Structures are given as C-alpha cells and as structure tokens.
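Numbering (my numbering), first residue to last: 3 to 83. First up is the structure itself, then whatever we jot down about it.
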Amino acid sequence: MYPNTSERDPLPTKAANRRLRMRLRAELLKRDPVCMWCNKQLYATGHSRNSMPTLEHIQPLSHGGTWHTHNLALACKGCNK
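So this is what it looks like as structure tokens:
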C-alpha cells in the first residue's frame, strides 16, 4: 500500500485496499502459485472467499518490510493461522 513510508497519501478506502490486495494476489499467483510453507497449489478462482490465498510479508512491515511484490508471498489458509 505504501511502498515508501515517508510519502504517505491519505488512507485508502476499504474498497481500494481490497482491490490492491486482489491485484497483488493475482500477480503473485502468476509468479508462484503455491503456498510458501507447504507448497500446496493455490487458486484464485472457483473457490470460496475463505479459501483465497493470503498475502504474507517475507520481511514484516514492523521490521522495515514493504508492500512490494518482492517482499510478498502467498500462503494457504491452513498455514496462515
């Protein structure tokens, strides 16, 4: 959302935030469509919202991580509890 935390725009709406997460998830599914923990195949369509893969920060935001795709991976719901 904020690749450079020193330049913050007004907070995005919930709808804009959801669209951003969906776009990032789609990009990551093209790059690597498996869970980063268990290597289970992940899908973007044909499943319920509860089975959508979740975005994981490789380096947490609290430790200086960013929302860039090189710092994001996907995890299945079972591994992200």
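Note that the Cβ used here is the ideal one computed from N, Cα and C, for glycine as well. Just so it is clear, the structure is predicted and the values come from calculations on it, not from any experiment.
Counting only residues of its own chain and dropping the five nearest sequence neighbours on each side, Leu31 has a CB closer than 6 angstroms to the CB of Ala46. Leu57: member of the beta strand (DSSP E) spanning 56–59, first to last residue. For the options Pro62, Thr56, Asn82, Gln61, the alpha carbon positioned closest to that of Arg20 is the one of Thr56. DSSP lists His59 as the bridge partner or partners of Leu74.
By the C-beta density criterion, Ala75 is buried, having at least 16 other C-beta atoms within 10 angstroms.
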